[in-house]
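Residue numbering for the sequence shown follows this note's numbering, starting at 93 and increasing by one per position.
For glycine and all other residues, C-beta sits at the position ideal for the given N, C-alpha and C.
What you are looking at is a predicted structure, and each value in this text was computed from that prediction instead of being measured.
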Amino acid sequence: MTRRFHNVVFADDFFRSPANGLQYHVANRRFLRGFFDSALGRLGLPSSEAAPLSEGGRIDVARLMDRLELPCTPAGWARACIADLHALAGRDGMPAFGPGCLVIGWGLTPAQQHCIDRSGARYLDIEIDPRRFTEHLHFCARTNDPAVEAALLARRVDEELFWNHASALKGRFARHGATSLFDQRLRVGLFFGQSLVDLSLVSGGRTMHPASVIAPLRELAQGVDLLVVKPHPYESALHDLAPIARAIPNVAWTSENSYALLSAANVHFAASLSSSVLAEARYFRKPAHALIRADRNAPEQLPRTCSGWIPVGAELGSMDFMAEACGLADERSGGAARSFPAWPAAAIDRAFLTRWGFDDQARGLAEVAELQLERPYLFHPGSPAMSWLSHGWAGFDGEGARSEGELACLVVPLPALSARSLSQMQPHRVEVRIDYRSNAKATSVHAMLDGAVLPGQRVTGARRRSLVFEVEPAAGRKCLVLQFVVADTARGPGMRRKAARPGFTLRKLQVSLRMGRGLISAPPKAAAPARWSEISPVRAMARLFRAVIDSARGSAGSH
93 MTRRFHNVVF ADDFFRSPAN GLQYHVANRR FLRGFFDSAL GRLGLPSSEA APLSEGGRID
153 VARLMDRLEL PCTPAGWARA CIADLHALAG RDGMPAFGPG CLVIGWGLTP AQQHCIDRSG
213 ARYLDIEIDP RRFTEHLHFC ARTNDPAVEA ALLARRVDEE LFWNHASALK GRFARHGATS
273 LFDQRLRVGL FFGQSLVDLS LVSGGRTMHP ASVIAPLREL AQGVDLLVVK PHPYESALHD
333 LAPIARAIPN VAWTSENSYA LLSAANVHFA ASLSSSVLAE ARYFRKPAHA LIRADRNAPE
393 QLPRTCSGWI PVGAELGSMD FMAEACGLAD ERSGGAARSF PAWPAAAIDR AFLTRWGFDD
453 QARGLAEVAE LQLERPYLFH PGSPAMSWLS HGWAGFDGEG ARSEGELACL VVPLPALSAR
513 SLSQMQPHRV EVRIDYRSNA KATSVHAMLD GAVLPGQRVT GARRRSLVFE VEPAAGRKCL
573 VLQFVVADTA RGPGMRRKAA RPGFTLRKLQ VSLRMGRGLI SAPPKAAAPA RWSEISPVRA
633 MARLFRAVID SARGSAGSH
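In structure tokens:
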């Protein structure tokens with residue numbers, strides 16, 4: 093039988109390299125080389141790698157970007173993801189590919205797929221399947237070759253496996269946690285954050301950010317009581333998500349497990365720019381809203397010969413699969429039907445040593461206590477107040493709840509206030525008092541409620557602060573959501589970073605229903621409430637965010 097392929101090239105997105113100001117992840121290409129090495133060697137197929145100069149390869153990314161007339165920046169990389177690379181083949185170390193070549197790639201961009209397809213070569217594009225809540229991880233793969241596609245389809249993972257694992261997870265979370273997020277009276281929508289640099293964020297050749305989708309996200313938020321933001325677990329920087337809290341008043345934050353969140357009975361939708369969680373949400377029977385159209389999956393950006401994503405197991409690296417994909421299966425079997433030998437079920441898990449959002453030891457949603465009016469709450473182990481710490485807290489530090497990071501959030505379910513009882517108590521107002529202690533004199537803590545920054549705090553001792561404010565006692569208010577922005581006011585550009593990160597300790601909270609006037613000794617109100625973007629720590633985040641946007645716009649040109 094005539095060999096369909098004469099050589100194999102292992103490749104990844106080599107434009108995502110230090111030459112464009114981005115971190116390059118060589119481990120994925122190395123994994124492919126090692127994973128397929130045995131099968132290819134036994135079939136007598138020679139292989140090579142396509143790598144940038146920064147990794148010891150031959151591809152001069154900077155020269156290629158110059159030929160494309162694109163800047164060597166992250167914004168230039170995004171444009172290169174959909175650029176025409178055909179004229180670059182064979183130049184500056186760029187492979188020429190050609191007929192008889194099979195490219196096995198990890199996360200190939202639309203531009204790379206077009207380049208390979210136009211050269212007459214075939215490709216097998218591989219990634220981790222986005223449905224990661226199953227007992228073991230799976231691959232997903234796509235190709236421009238009908239024979240390779242047939243071999244993939246013969247090993248396709250049954251769709252029912254994903255439904256079954258989601259059902260098992262929902263049952264476990266229902267048994268070992270609260271059935272609703274925060275409070276069963278709340279209608280909740282979820283927004284999932286993503287890594288700042290990701291191929292799935294490129295749309296129209298530009299890297300998209302949450303600020304780009306505020307309008308549709310605000311419309312979604314208007315249909316629920318709370319829009320709860322779940323930051324990406326591996327992305328500590330929150331400046332990209334800050335515009336959401338500035339523009340949408342009913343925002344809260346959470347650090348709960350993603351699958352526990354999707355299992356919650358009061359969650360009504362999941363939204364994101366293009367997170368893989370959206371592919372998982374349907375198995376938990378939650379409507380999913382992708383707010384951008386990612387180029388990597390847009391049919392108009394891909395070769396017409398490109399198949400859809402096909403979920404497969406680790407047997408993708410087996411001799412049987414490679415022989416069938418290369419057209420050598422009949423030669424090996426003598427025409428007899430073959431059964432596929434077993435493959436280690438945990439092979440992918442062991443190779444990647446991570447499960448992203450899945451954790452079979454993860455607890456369910458925390459039971460959140462409802463606040464009792466007039467009662468003072470201290471933040472210590474065993475106190476109901478500890479259940480209100482929704483995001484940005486490191487636990488008890490001996491005095492109270494210690495903050496962690498640049499943003500902390502508190503969600504407090506309130507008792508129901510009937511319109512009749514409120515009308516009988518005129519005049520009335522709800523007083524909220526919070527006592528906290530900063531970890532340094534230079535630590536600045538600003539609180540925000542309903543999209544507005546609260547007035548300044550009173551000093552009650554060395555680094556001790558007391559925040560007192562009023563809330564309109566509307567009958568429809570079901571919870572109190574406070575966001576705290578934390579920063580070190582003494583730290584400026586070029587200053588040496590201190591060992592201790594800025595933070596504060598939340599000590600006490602009390603909510604009271606007041607009648608009459610003159611009962612609250614509150615700090616004087618400013619002439620107009622400050623906007624969140626006017627606060628120094630958030631202003632810094634906003635400047636950084638605008639710089640990213642301006643960079644992308646500058647490189648986009650007339651796009």
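**Message:** Please report the distance separating the alpha-carbon of G409 from that of I336.
**Reply:** 43 Å
**Prompt:** Taking the DSSP output, what are the residues bridged to D580?
**Reply:** T535
**Request:** Take A352 and list the residues in its own chain whose beta-carbon comes closer than 7 Å to its own, dropping the five residues that flank it on each side.
**Result:** F265, G269, A454, G456 and L457
**Request:** Kindly confirm or deny that the region 269-289 and the region 353-369 touch, where touching means at least three C-beta pairs closer than 8 Å.
**Result:** yes
**Message:** Quick test of your reading: R388 and T201, contact by CB under 8 Å. State the CB separation rounded to the nearest angstrom.
**Reply:** 7 Å
**Item:** S130 - DSSP class collapsed to helix/strand/coil
**Value:** helix
**Option in E141, C207 and S146 with minimal Cα separation from A172** = C207
**Asked** Between the region 125-135 and the region 176-188, do three or more beta carbon pairs fall short of 8 Å?
**Response** no
**Prompt:** How about A504 and E562: do their beta carbons lie closer than 8 Å?
**Reply:** Looking at the sequence provided, one finds Val at residue 504 rather than Ala. No, they are not a contact pair.
**Message:** Using 8 Å as the threshold, is the C-beta distance between E466 and S604 below it?
**Reply:** yes
**Request:** Report the partner residues of V573 according to the DSSP bridge assignment.
**Result:** V503
**Item:** Minimum length 4: unbroken alpha helix (DSSP H) runs contained in the region 148-187
**Value:** 153-159 and 166-172
**Request:** Could you name the residues that DSSP lists as bridge partners for D217?
**Result:** G197 and R234
**Asked** Mapping DSSP to helix, strand and coil, what is L463?
**Response** coil
**Message:** Please tell me whether, using a cut-off of 7 Å, the distance from the CB of E523 to the nearest non-hydrogen atom of the ligand HEM is below it.
**Reply:** The ligand HEM is not part of the structure shown, which contains no ligands of any sort.
**Request:** Assign P238 to one of two classes, buried (16 or more other C-beta atoms within 10 Å of its C-beta) or exposed (fewer than that).
**Result:** exposed
**Prompt:** When you compare only the Cα positions, how much space is there between D332 and L288?
**Reply:** 8 Å
**Request:** Take R234 and list the residues in its own chain whose beta-carbon comes closer than 7 Å to its own, dropping the five residues that flank it on each side.
**Result:** D217, C398, S399, G400, W401 and I402
**Local conformation of R95 per DSSP, three classes** = coil
**Message:** Among R155, A439 and E252, whose alpha-carbon lies nearest the alpha-carbon of G182?
**Reply:** R155
**Item:** Whole-angstrom distance between A386 and G543, CA atom to CA atom
**Value:** 30 Å
**Asked** Given that a residue counts as buried once 16 or more other Cβ atoms are within 10 Å of its Cβ, and exposed if not, what is Y528?
**Response** buried
**Item:** Counted within 10 angstroms of its Cβ, other Cβ atoms place E84 as buried (16 or more) or exposed
**Value:** This structure leaves residue 84 out entirely; the chain is present only between 93 and 651.
**Asked** Starting from R224 and walking both ways along the beta strand (DSSP E), at which residues does that stretch end?
**Response** First-last for R224: undefined, no H or E at that position.
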